[in-house]
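Here the sequence shown stands for residues 1 to 603, numbered as in full-length UniProt numbering.
I have placed the structure first, in the form of structure tokens, so that the comments after it can refer back to it.
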Amino acid sequence: MCTQKPPHDYSQQLYDKYREAFDDYMNSVMPSLREKHDEFLLRELVKRWSDHRLMVRWLSRFFHYLDRYFIARRSLPPLKEVGLASFRDVIDQEREGQQIDRALLKNVLDIFVEIGMGQMDYYENDFESAMLEDTAAYYSRKASDWIVEDPCPDYMLKAEECLKKEKDRVSHCLILRQSFWRFQRLLICVGIKLAEQKVQYELLVLYTNQLLEKEQSGCRVLLRDDKVEDLSRMYRLFQRIPKGLEHVANTFRQHVSGEGMLVIQQAEDAASHKVLVPKVIELHDKYYAYVTDCFCNNSLFHKALKDAFEIFCNKVIGGTSTPELLASFCDNIRKKGGSDKLSDEAIEETLDKVVKLLAYVNDKDLFAEFYRKRLSRRLLFDRSANDDHERLFLTKLKQQCGGQFTSKMEGMVTDVTLARENQTRFQEYLSNNEAAIPGMELTVTVLTTGFWPSYKSSDLSLPAEMVKCVEVFKEFYQTKTKHRKLTWIYSLGTCNINGKFEQKTVELILETYQIPLPPVDDRKKVVEDVDKDRRYAIDAAIVRIMKIRKVLGHQQLVLECVEQLSHMFKPDFKGIKKRIEDLITRDYLERDKENPNLFRYLA
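What follows is the structure in structure tokens.
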């Protein structure tokens with residue numbers, strides 16, 4: 001019946017019936033095993049296993065012709081393997097969702113431990129290795145199909161479900177009898193771990209790149225489409241495997257960087273500058289939430305977010321640097337009328353977010369100088385919406401960048417507070433000295449030179465009434481201290497004059513003097529001032545380092561100098577080299593005669 005030509009060749013039908021016979025046999029013997037307990041179960045299991053092996057041996061010989069010719073030509077599993085596979089398929093049936101008798105499987109596993117008298121050799125060699133091999137083979141087949149058929153979210157859903165069920169399955173099978181309690185916990189933990197590793201390897205490790213880079217549904221697409229739940233699942237899955245999150249974090253960094261560069265490109269138009277900072281804040285809020293929620297505050301993703309924002313937060317947009325844009329944004333919020341639609345809580349929250357963005361900016365000292373100039377205008381011309389908010393923001397900057405960063409700005413706020421107190425005492429002085437009353441109201445704000453931006457002082461021929469005002473205040477100030485010199489900055493002053501006309505009186509607010517001046521490029525001056533301060537800062541850092549180290553190589557000196565100054569700005573290596581040469585000419589340092597790359601400190 002197997003040697004005839006088609007349609008009289010029944011080899012395939014015979015092979016199928018052979019497989020079907022073993023499946024029927026397994027289903028027929030299971031009830032007898034379920035009815036047995038203890039020693040009788042063991043005897044019945046041994047008997048049935050012996051019968052099963054005997055049946056496989058003789059039937060495979062009986063149908064040997066199929067093995068030699070039909071199976072060899074068709075690349076089908078040998079008859080012996082078909083018979084033994086029916087026993088193994090009991091576990092695979094449950095993986096496919098079918099119900100099996102877990103209690104029976106557990107009792108079979110108990111036998112391996114009991115035979116070993118408390119040792120795990122029989123269990124590990126005769127069952128566990130085969131079980132793990134079959135587990136790997138089963139999920140290898142599944143993964144090879146899923147990776148082709150399913151989009152990334154569906155694949156991950158199946159993988160997560162498989163890991164959960166496999167852990168549950170192994171836990172149920174490895175709940176041993178109370179007499180082996182000492183080994184139970186170790187066996188369960190090791191068994192679950194090994195099974196999980198097999199499943200993870202087949203479903204995740206082997207297909208990491210292929211899964212995450214799926215063109216229509218991979219990690220980039222999930223980020224683009226804000227698939228928060230799928231991204232959370234991706235994190236849960238890939239944090240299980242070694243270096244599994246590195247690929248996800250790298251993709252996250254590239255995506256955030258691309259989104260940021262898109263915002264920058266859209267803001268190249270000068271008219272868009274006002275909305276740039278709010279858009280960057282919105283972008284940071286969105287992806288910071290991803291890091292905290294989807295990626296469980298993992299440090300890899302915090303670093304990825306930082307690296308991405310540092311890329312586009314240090315771009316020059318339409319000739320304007322990011323530090324200047326941030327300073328202008330803060331000024332618009334802080335000054336009167338600039339944030340009428342925002343509550344105090346909203347303003348504070350927004351400024352908190354600006355401080356977070358500042359952490360990504362390299363030239364923080366440039367921001368400090370631009371912000372200081374705008375702060376000076378708000379304070380001197382009474383344009384600040386709330387002095388307490390000014391102090392609060394400076395406190396946040398101080399926490400982020402250090403005390404040196406905000407020392408001048410804090411001094412400015414203190415000066416204005418003291419000036420108000422000083423004005424009260426000046427009024428008391430006038431009330432006690434009627435002869436000194438200048439004949440007009442006078443308000444003076446005394447500033448500490450080191451705190452405020454540099455202002456040009458020029459001589460001005462004042463009217464007699466104003467000269468008297470100046471002299472009266474000098475006399476008052478000398479009653480407090482005789483060791484300070486007052487320099488009058490008329491360009492910052494204003495005069496309120498009441499013009500009395502026939503119909504009505506008009507109040508005119510004028511500058512102290514109005515003389516045509518050549519246009520001043522404030523932005524250029526700020527950059528020049530910052531550059532000058534940086535030279536001083538580099539000099540001070542080099543001297544501090546060399547005073548401690550005495551002798552140091554050029555490369556190490558440069559690295560330590562960069563490290564000390566990085567909280568304020570990123571020093572240029574060429575700039576550091578120039579400052580070293582300048583300090584050598586000023587006899588602070590000298591080169592080693594034998595090694596020109598070695599410097600010595602001169603006390």
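Even for Gly, the Cβ is constructed at its ideal location relative to N, Cα and C.
Could you tell me if residue i is buried or exposed, where buried requires 16 or more neighbouring beta carbons within 10 angstroms of its beta carbon?
i           : result
Tyr138      : buried
Asp365      : buried
Arg535      : exposed
Glu345      : exposed
Gly499      : exposed
Met568      : buried
Glu202      : buried
Lys354      : Residue identity check: residue 354 is Val in the sequence provided, not Lys. By the 10 Å Cβ count, Val354 comes out buried.
Val316      : exposed
Asp331      : buried
Leu163      : buried
Ile509      : exposed
Thr251      : buried
Asn597      : exposed
Glu20       : exposed
Val467      : exposed
Ala531      : The residue asked about is misnamed: residue 531 is Asp in this sequence, not Ala. The residue in question, Asp531, is exposed, as its Cβ has fewer than 16 Cβ neighbours within 10 Å.
residue 612 : Only positions 1 to 603 of the chain appear in the structure, and residue 612 is not among them; the question remains open.
Leu375      : buried
Ser217      : buried
In whole angstroms, give me the CA-to-CA distance for residue i and residue j.
i           : j      : result
Cys469      : Asn496 : 15 Å
residue 618 : Leu237 : Because the chain spans 1 through 603 in this model, residue 618 falls outside it and cannot be assessed.
Gln254      : Leu300 : 13 Å
Ala159      : Glu259 : 30 Å
Leu486      : Phe476 : 12 Å
Lys474      : Val444 : 11 Å
Thr417      : Met409 : 13 Å
Ile538      : Arg372 : 21 Å
Tyr588      : Leu552 : 14 Å
Asp285      : Ile576 : 37 Å
Lys335      : Val526 : 21 Å
Lys593      : Glu581 : 15 Å
Glu246      : Gln239 : 9 Å
Leu157      : Cys219 : 14 Å
residue 610 : Phe451 : A query on residue 610 cannot be resolved here, the shown segment of the chain reaching from 1 to 603 and no further.
Pro571      : Lys356 : 22 Å
Ile235      : Ser566 : Rather than Ile, the amino acid found at residue 235 in this sequence is Tyr. Rounded to the nearest angstrom, the two C-alpha atoms are 33 Å apart.
Glu462      : Thr512 : Looking at the sequence itself, residue 462 is Leu, so the reference to Glu does not match. Their Cα atoms are separated by approximately 9 Å.
Thr406      : Asp533 : 15 Å
Val221      : Leu206 : 21 Å
Ser321      : Gln423 : 39 Å
Ser28       : Pro151 : 41 Å
Thr585      : Glu563 : 25 Å
Glu590      : Lys550 : 11 Å
Lys80       : Arg169 : The pLDDT assigned to Lys80 is 46, lower than 50, so where the model puts this residue is not dependable, and the model offers no usable value.
Asp225      : Pro153 : 12 Å
Pro519      : Lys303 : Since pLDDT at Pro519 reaches only 41, below the 50 mark, its modelled position is unreliable, and no value is offered.
Gln266      : Asn297 : 30 Å
Lys504      : Thr494 : 22 Å
How far does the beta strand (DSSP E) with residue i in it extend, from its first residue to its last?
i      : result
Phe599 : Leu598 to Tyr601
Cys219 : Note, Cys219: premise wrong, no beta strand (DSSP E); alpha helix (DSSP H) at Cys219 to Arg224.
Lys500 : Thr494 to Lys500
Arg391 : No beta strand (DSSP E) contains Arg391, which is instead part of the alpha helix (DSSP H) from Asp387 to Cys401.
Glu215 : It is not in any beta strand (DSSP E) - Glu215 carries neither H nor E in the DSSP assignment.
Arg591 : Leu589 to Arg591
Need the endpoints of the alpha helix (DSSP H) that residue i sits in, please.
i      : result
Val551 : Per DSSP, Val551 belongs to no alpha helix (DSSP H); it is in the beta strand (DSSP E), Val551 to Gly553.
Ala435 : Unbroken run through Ala435: none, as it is neither H nor E.
Cys296 : Per DSSP, Cys296 belongs to no alpha helix (DSSP H) and is neither H nor E.
Met568 : That residue, Met568, is in no alpha helix (DSSP H); it is neither H nor E in DSSP.
Ala130 : Ser129 to Glu149
Lys364 : Lys364 to Leu380
Glu471 : Ala464 to Lys480
Gln266 : Gly244 to Gln266
What is the C-beta distance between residue i and residue j, in whole angstroms, given that I count them as a contact (C-beta under 8 Å)?
i      : j      : result
Thr367 : Ala327 : It is worth fixing the name first, because residue 367 is Phe in this sequence and not Thr. The Cβ separation is near 6 Å, so the contact holds.
Val275 : Cys313 : 16 Å between Cβ atoms; not a contact.
Ile545 : Leu557 : 6 Å
Ala436 : Leu442 : At roughly 11 Å, the Cβ-Cβ gap does not stay under 8 Å, so Ala436 and Leu442 are not in contact.
Does any heavy atom of the ligand ATP sit closer than 6 Å to the C-beta of residue i?
i      : result
Thr320 : The ligand ATP is absent from the structure shown, which contains no ligands of any kind.
For the segment 375-385 and the segment 399-408, state whether three or more C-beta atom pairs, one from each stretch, are separated by less than 8 Å.
no
The segment 131-145 contacting the segment 197-211, beta-carbon criterion three pairs below 8 Å
yes
Would the segment 451-459 count as touching the segment 472-484 if we require 3 or more Cβ pairs under 8 Å?
no
Kindly confirm or deny that the segment 204-222 and the segment 143-155 touch, where touching means at least three C-beta pairs closer than 8 Å.
yes
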